[in-house]
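Trainee: Sequential numbering of the sequence shown, starting at 705, is according to our numbering. One structure is given below, represented as structure tokens, and several questions about it will come after.
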Amino acid sequence: MRTTENKTIVDLVNRLAGVIEARKTLDSEEKQIKDTLKDIMAGFESNVLGAGNWVVILSHRTRTDLDKAKLKVTLGADYELYEKKSEYQTLEIKKA
């Protein structure tokens, strides 16, 4: 592992760590607020709520996924013919 004391790099990494932590906190708060509003709206006859200058819309959606385990059993070795692989870079930080 290479190390650096370059202030610009150290500052960027510290800033990134702060942004990641803030995002996690905001994501958690967003989920809590949305769950509360969903609970409140569950008792309403309408899925649309006017609240001040905002309109809140509660939608029920479905998502269809494929069961990869069952496909592997059904297709056997041919499963690999249908796999789609992507290559990409990631950057993560961990406390030293």
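Every residue, glycine too, gets a C-beta built ideally from N, C-alpha and C. The model shown is predicted, which means the values in this text are computed figures rather than measured ones.
How about residue 753 and residue 760: do their beta carbons lie closer than 7 Å?
Mentor: Numbered from 1 along the sequence shown, position 49 holds the residue referred to as residue 753. Numbered from 1 along the sequence shown, position 56 holds the residue referred to as residue 760. In contact: residue 753 and residue 760 (Cβ atoms closer than 7 Å).
Trainee: Compare the C-alpha of residue 746 against each of 755, 735, 762 and 707 and name the closest.
Mentor: Numbered from 1 along the sequence shown, position 42 holds the residue referred to as residue 746. Out of 755, 735, 762 and 707, 762 has the C-alpha closest to the C-alpha of residue 746.
Trainee: Go ahead and pull the three-state DSSP assignment for residue 761.
Mentor: To locate residue 761, count along the sequence shown from 1; it is residue 57. The answer is strand: DSSP assigns residue 761 an E or B state.
Trainee: Kindly list the residues whose CB is nearer than 6 Å to the CB of residue 751, restricted to its own chain and excluding five residues on each side of it in sequence; keep chain order.
Mentor: As a first step, residue 751 is located in the sequence shown; it is residue number 47 there, counting from the start. Answer for residue 751: 762, listed in chain order.
Trainee: Which same chain residues, not among the five before or five after residue 791, have their C-beta less than 7 Å away from its C-beta?
Mentor: Counted from its first residue, the sequence shown places residue 791 at position 87. Excluding its 5 nearest sequence neighbours in each direction, residue 791 has no C-beta neighbour in its own chain below 7 Å.
Trainee: Is the beta carbon of residue 783 sitting closer than 7 Å to the one on residue 776?
Mentor: Working through the sequence shown from its first residue, we reach residue 783 at position 79. Working through the sequence shown from its first residue, we reach residue 776 at position 72. Yes, the Cβ-Cβ distance between residue 783 and residue 776 is below 7 Å.
Trainee: Looking only at DSSP bridge pairs, what is residue 753 linked to?
Mentor: What you label residue 753 is simply residue 49 of the sequence shown in a count that begins at 1. Looking at the DSSP assignment, residue 753 forms a beta bridge with 760.
Trainee: Using the three-state DSSP reduction, which class does residue 718 fall into: helix, strand or coil?
Mentor: On the sequence shown, position 14 is the one that residue 718 refers to. The answer is helix: DSSP assigns residue 718 an H, G or I state.
Trainee: Please report the straight-line C-alpha distance between residue 758 and residue 749, rounded to a whole angstrom.
Mentor: Sequence index remark: in the sequence shown, residue 758 carries index 54 (1-based). Sequence index remark: in the sequence shown, residue 749 carries index 45 (1-based). Each residue's Cα considered, the two are about 18 Å apart.
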